[in-house]
Amino acid sequence: MIHADSGLLGRLRTTWEAALPALKGPHPAAWAPALRRLSDRFNRIEGAPEGDYFDEGNVEPYLAHHGWAQAEALAWIAAERPACFEGKRLVWDLGGGPGVLTLAASVLLPGARFVLTDLRAPALQWAEARLRPLGVDLTTHAQRLPELPSGSPDLVLVGHVLNELPPRNQESLLDALKARLAPGGTLLILEPALLPQTRRLMELRETFLAEPWSIQAPCPCPGPCPMLALAKQWCVAEVPWEPPPWFRSLDAAAGLDRRQLRFAYLLAQRDGPASAPRARIVGLPPPQKGKVQRWACTPAGGEVWEALSRHGEPPWALPRTAEMELPPGLGAPRPQGGNWPLRRWEP
Ligand SMILES: C[S@@+](CC[C@H](N)C(=O)[O-])C[C@H]1O[C@@H](n2cnc3c(N)ncnc32)[C@H](O)[C@@H]1O
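In the working numbering, the protein residues as written are 900 to 1246.
Okay, here's the thing in structure tokens:
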């Protein structure tokens, strides 16, 4: 399992506390209810929400909670695929709200220039007031996606915003980004780890299957997502984490209970190398007596790996999200209905 570099996490925490000095003491009493209202709203969102949900009262608790989780997700992805982030100079953070991913990426990429867009001007104003004094080279634009800023970015960050666009705008945004990313450029999409939003991302990833694009993570499978054939399954990263104490106390006060870092993501690159032929554990089938099973995504598609419990714990019996070399000892794929063949492991 890959862990975000602890030095990077330490620098992120220092930066968060500099942007939000209130984190150094007990959090303001109004933060937890404001965060709870915001979270309830996000869990209800379908289609394009109109009206302002970032206002003076909730930008800061958002940054302290959802924002910190986004920062840790970015750090984890950068640790998993560092080459996708190296040397990026011009970064767009689209639908970036108060600049959560801008702030996190500015720690990862000191010296980069950031363009932050959002349709909500108060969120952009907050970013200007708080991020620029920290040395972030920031330009903001009040824009409605799929409209884009000018220029040709090296890295585009789209965090928890795709699900707020109607489907036709999601598609036109991705097409427009494909036309605009610089050679070697990287696109990172983060979405909430919820079923409808994640399955939509699993569909939209098909936009990046043809050259010059490659999907760098999370998918080992170069074809359409095999998990779409499994009803009610969705492909998310689940990572153990140790967020700062101020996150934990705000999380508990808002009744949110975020024990694990969970996120849906797609990391695509223009002109990037094809990703290595590895496998990823993407789920645990319902338990079966006497058997150990995992759903694995592989370069050949989805597979069910199975071992008999009497043979002991197989080395691939890892948690969801673990990535690995294809393990030796798996038998030939046996069709079993659907498109996920079964492979029996013999030690
Ligand atoms: C849940 S917030 C995510 C903020 C930030 N990207 C993050 O990762 O935390 C979604 C943001 O998308 C913005 N948004 C929604 N629809 C948009 C559109 N059509 N054009 C631009 N921004 C949009 C909202 O105003 C909001 O700031």
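Here a beta-carbon is modelled for each residue, glycine too, at the ideal position from N, C-alpha and C.
Check	Outcome
Alpha-carbon spacing of Ser1071 relative to Leu1061, whole angstroms	11 Å
Cβ neighbour criterion (16 or more within 10 Å) applied to Trp987	In the sequence as displayed, the identity of residue 987 is Lys instead of Trp. By the 10 Å Cβ count, Lys987 comes out buried.
Residues near Glu955 by beta carbon distance below 8 Å, same chain, minus five either side	Pro1021
Straight-line gap, Arg1079 to Leu1047 (C-alpha atoms, nearest Å)	9 Å
Three-state secondary structure (DSSP) of Trp1140	coil
Reduced DSSP secondary structure (H/G/I, E/B, other) of Thr914	helix
Limits of the unbroken alpha helix (DSSP H) element including Tyr961	Val958 to Ala963
Proximity to Leu1094 [Cα-Cα], best of Cys1134, Pro1123 and Glu1212	Cys1134
Collapsed DSSP secondary structure at Arg1219 in the structure displayed	coil
Boundaries of the alpha helix (DSSP H) in which Arg1074 is found, first to last residue	The question names Arg, yet the displayed sequence has Asp at residue 1074. Per DSSP, Asp1074 belongs to the alpha helix (DSSP H) from Pro1066 to Arg1079.
Coarse secondary structure for Val1057, derived from DSSP in three states	strand
Those residues which DSSP pairs with Glu1202 across a bridge	Ala1195
Inter-residue Cα distance where the pair is Arg1177 and Pro932	44 Å
Supposed contact pair Val1035 and Leu1008 - C-beta distance, whole angstroms, cut 8 Å	Actually they are not in contact, since the Cβ atoms of Leu1008 and Val1035 sit about 10 Å apart, beyond 8 Å.
Touching by the beta-carbon criterion (3+ pairs, under 8 Å), the region 963 to 980 and the region 1025 to 1044	no
Nearest to Trp930 (by Cα), restricted to the options Gly1201, Ala1221 and Phe1146	Phe1146
Reduced DSSP secondary structure (H/G/I, E/B, other) of Glu945	Unreliable positioning characterises Glu945 in this predicted model, as indicated by a pLDDT of 46, which lies under 50. A coordinate reading is not provided.
Contact test: His964 Cβ vs ligand 1 heavy atom, cutoff 7 Å	no
Status (buried if at least 16 other CB within 10 Å, exposed otherwise) for Gly1236	exposed
Alpha carbon of Trp1140 to alpha carbon of Gly996, nearest angstrom	24 Å
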